[in-house]
Amino acid sequence: MKFTTKITAFLIMAALFPQLILIFFFYHFTTDDIIQKEKQSAHEQLKKFNSFQETFNEEAYLKLSQIAEIITTNHYLESSIQTSSIQFMPDFSPYGFDFFEIINSENEVIYSASRLGLLGEKLNLPSENPNKPLERIEYAIDGAHATLCYINGSEGGFRLYAGKYLKNEFSSRVSELLGNNAFFEIETDISSNFFSMENNVLYEHNSLLQVAVLGSRQVEYVGTLSFKIHPNFVHLREILFISILISLASTLLAIFLGGLITGSARKEIDNLIDASQRISRGNFEEPVIAYNEGEFSMLAESMTKMMNDIKKTQKELVAAEKIAAWQAVGKKLAHEIKNPLTPVLISIDDLYLSYRDNLPDFGKTIKATTGTIKSEINRMTKLLDRFANFARMPLPEIKKIRTKNLIEEISNMYAPEIKGKRLILSVIDNLPDEINIDLDKIKQVLINLIKNGIESTDNPTIELSFSSDTKDFLITVEDNGPGFTTERLNNPFEPYTSSKTDGSGLGLVICFRIINEHGGSMELYNLKEKGAGVTIRLPQ
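Going by our numbering, the residue at position 171 of the sequence shown is 171; the numbering climbs one at a time, nothing skipped.
And the structure:
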């Protein structure tokens, strides 16, 4: 995670964490207590309702038994009557039923106090008397009604069928029983959420505790009790909602402030990163300048001072290294020039003695000595030319190059060797798309190393691999030759150290110089079994 991202995350946590802790404890220790008390109160009210319902049903059954006794005692019905119309029946409306019918053993209506249209109709009723009221939708002139229906049999072969609409006496008595904090509702729309509620189970909905107490989807109505949650709980929820909104606002403010702070910091940090990369590439000319005053400005000034100090120190080191290098080169060059001068001097002495003594084979002596002198002078000329080329090597022109372009150019250049298995090319998948190099210079290095490997043995096999790690682009060249000498490994990049008879020893030195000017490193080593290896590291 980036530093600037961490700052934004910390700001958000600082804005949210205290409020979330407060909301959690406030809700956990306050709202839970309130809602539990409200649920306990609702359960107590529900017990009162269930007790009332039992009493209400017992009263209805008692009144129905009284009516049955009146009818039987006064012989209003003859025991043999089945479907005959009844001419006279007393008024049973004081008993409080919303409808009242008398049915025979075939469930046919032989008397109706208010629904005359049912006379002679056969009702869909259970054959046995149920021990609890039937929950049904019953129809009258004024429409459909959710009803508690009661059936009572008699010894005279008839049954009484009566009902009480829930919206009338039942609802009124429930309201009186529960008071103002609860109310009773009847729902007949089966698409309502009430039809998905289990009976006698409390549900919390819209600041209410609700419970289904009557009916079901099968009877097409549901009777529910709704208990109002204490107003303090509603206010508490509003406070929690407002607290959440404040938390969200604080979070947005933290994100906004974090964006402002980290945006400015990211700009400064990116500027310093670019400056450090310029310095790592050896650019000490452009000063480091911060965008704003403050700590970053002080850091930029420190980096500029450090860059100037490095530049000064580097110049001193370069001067010292040049002196030391020229001293070493002078010694090596003097040694190498001295070697061909010895046979030249010997040849001149032979030539002089042959002339002085007027030897008969003087012509042959001239031819032999001048040949030797010419050969040694040519050898010194080649040596001096190589030294001159090394001395005037220009600095590399480093720019972004696609990695595959370098690999393709090498593979095309050595296509015959690759086809003949003399050169094995290996490319790892995680290579960067681009690298900062002088393409021609790096090609020169690889050509020199591959050439050394090919010339190291009669049946050469060179392995060239390209890979990368978290920081560097890696190039490895390994061959199956005799390996590096101990002198070369101990002094890997000292000039004029060569195992070849006509070598100047400048090849690896030139390679090292090119890699060093790229800000990279170069390591020589011998393989365990047989062969030499070179690993090049270039900064990505």
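For glycine and all other residues, C-beta sits at the position ideal for the given N, C-alpha and C.
### Message
For S456 and P482, which I take to be in contact (beta-carbon distance under 8 Å), what is that distance rounded to the nearest angstrom?
### Response
So it is a contact: roughly 6 Å between Cβ atoms.
### Same chain, Cβ closer than 7 Å to F184, five either side skipped, listed in chain order
The answer, listed in chain order, is S171, V174, S175, G223 and L225.
### Query
Does the beta-carbon of A146 have 16 or more other beta-carbons within 10 angstroms, so that it is buried, or is it exposed?
Looking at its Cβ environment, which holds 16 or more other Cβ atoms inside 10 Å, A146 is buried.
### Task
Find out if the Cβ-Cβ distance for the pair V477, V427 is shorter than 7 Å.
For the 7 Å CB-CB criterion, V477 and V427 do not form a contact.
### Message
Once DSSP output is grouped into helix, strand and coil, what is the label at Y554?
### Response
This structure does not reach residue 554, given that the chain is present from 1 up to 540, and the question cannot be answered.
### Query
Between L257 and D270, what straight-line distance do the alpha-carbon atoms span, to the nearest angstrom?
Answer to the nearest angstrom: the Cα atoms are 19 Å apart.
### Query
Looking at the structure shown, is K528 part of a helix, part of a strand, or coil, going by DSSP?
In the structure shown, K528 falls within a coil segment according to DSSP collapsed to helix, strand and coil.
### DSSP-derived helix/strand/coil call for T501
At T501, the pLDDT of 49 sits below 50, so the modelled position is not reliable; the number obtained from the coordinates is stated separately. T501 carries a coil assignment under DSSP once its states are collapsed to helix, strand and coil.
### Task
Grab the span of the alpha helix (DSSP H) containing Q218 for me, first residue to last.
Annotation for Q218: no alpha helix (DSSP H) segment contains it, and DSSP assigns it neither H nor E.
#### Entry: the region 133 to 152 in contact with the region 97 to 115 per 3-pair CB rule at 8 Å
Enough Cβ pairs lie closer than 8 Å, so yes.
### Message
Could you tell me the alpha carbon to alpha carbon distance between G104 and I110, rounded to whole angstroms?
### Response
Sequence check: residue 104 is Asn here, not Gly. About 7 Å.
### Task
Round the Cβ separation of Q540 and I435 to the nearest angstrom and send it over; I've been treating them as touching at under 8 Å.
Right, their Cβ atoms sit about 6 Å apart.
### Query
With 16 other CB atoms within 10 Å as the buried threshold, where does Y150 fall?
It is buried - the Cβ of Y150 has at least 16 other Cβ atoms within 10 Å.
### Cβ-based neighbour list, T501, same chain, cut-off 6 Å, excluding 5 preceding and 5 following
Low per-residue confidence applies at T501: pLDDT is 49, beneath 50, and the placement is therefore not dependable, though the value from the model is reported in the following sentence. Hits under 6 Å: none found.
### Message
Taking 8 Å as the limit between beta carbons, can you name the residues of its chain near N526, skipping five residues before and five after?
### Response
If we look at N526 and ignore the five residues flanking it on each side, its Cβ neighbours are G483, F484, L489, A532 and G533.
### Task
Label N452 either buried or exposed according to how many other C-beta atoms from any shown protein chain fall within 10 Å of its C-beta, with 16 as the threshold for buried.
Buried.
### Message
Can you tell me whether V344 is helix, strand or coil according to DSSP?
### Response
It is helical.
### CB contact flag (I573, I462, <7 Å)
Absent from the structure is residue 573, since the part of the chain shown begins at 1 and ends at 540.
### Which of helix, strand or coil DSSP assigns to L538
If DSSP states are grouped into helix, strand and coil, L538 belongs with the strands.
### Query
Beta carbon of A212, beta carbon of Q45: below 7 Å?
Not a contact, by the Cβ cut-off of 7 Å.
### Task
Check whether the Cβ atoms of T370 and S354 lie closer than 7 Å to each other.
Going by C-beta atoms, T370 is not nearer than 7 Å to S354.
### Sequence-distant residues of its chain with Cβ nearer than 7 Å to M13 (five each side left out)
Taken in chain order, the list of residues that qualify is empty.
### Query
Hey, would you say E54 sits closer than 7 Å to I229, going by beta carbons?
No; because the gap between Cβ atoms is not below 7 Å, this pair is not in contact.
### Task
Flag this pair as yes or no: are the beta carbons of G520 and L538 separated by less than 7 Å?
Yes. Within cutoff.
### Query
Ordered along the chain, which non-local residues of its own chain (more than five positions away) have a Cβ less than 8 Å from that of K48?
The answer, listed in chain order, is L177 and L178.
### Message
Considering only DSSP beta bridges, list what M522 is partnered with.
### Response
When beta bridges are read from the DSSP output, M522 appears opposite I536.
### Message
Quick check: what's the CA-CA separation for K367 versus L351?
### Response
Distance between the alpha carbons of K367 and L351 is about 10 Å.
### Query
Along the chain, which unbroken stretches of the alpha helix (DSSP H) at least 4 residues long are found entirely within the region 363 to 448?
Runs of alpha helix (DSSP H) with 4 or more residues, each lying fully within the region 363 to 448, are found at 403 to 413 and 415 to 419, listed in chain order.
### Query
With 16 as the cutoff for other CB atoms within 10 Å, does A275 come out buried or exposed?
Label assigned to A275: buried.
### Query
Excluding five sequence neighbours on each side, which residues of the same chain lie with their C-beta closer than 7 Å to the C-beta of E169?
Around E169: G96.
### Task
Please report the Cβ distance between T403 and D433, rounded to the nearest whole angstrom; I am assuming they are in contact, meaning their Cβ atoms lie under 8 Å.
Cβ-Cβ separation between T403 and D433: approximately 6 Å, consistent with a contact (criterion under 8 Å).
### Message
Quick check: the Cα distance between K530 and F362, rounded to an integer number of angstroms?
### Response
If you draw a straight line from the Cα of K530 to the Cα of F362, it is about 53 Å long.
### Task
Give the DSSP-derived three-state secondary structure of T476 in the structure shown.
The DSSP-derived three-state label of T476 is strand.
### Query
T55 by DSSP, collapsed to three states: which one?
Of the three classes helix, strand and coil, the one that applies to T55 here is helix, per DSSP.
### Query
Is it buried or exposed for L77, if we count other Cβ within 10 angstroms and need 16 for buried?
Around the beta-carbon of L77, 16 or more other beta-carbon atoms lie within 10 Å, marking it buried.
### Query
Nearest-angstrom Cα distance between I424 and I515?
Inter-residue distance for I424 and I515 is about 23 Å (C-alpha atoms, whole angstroms).
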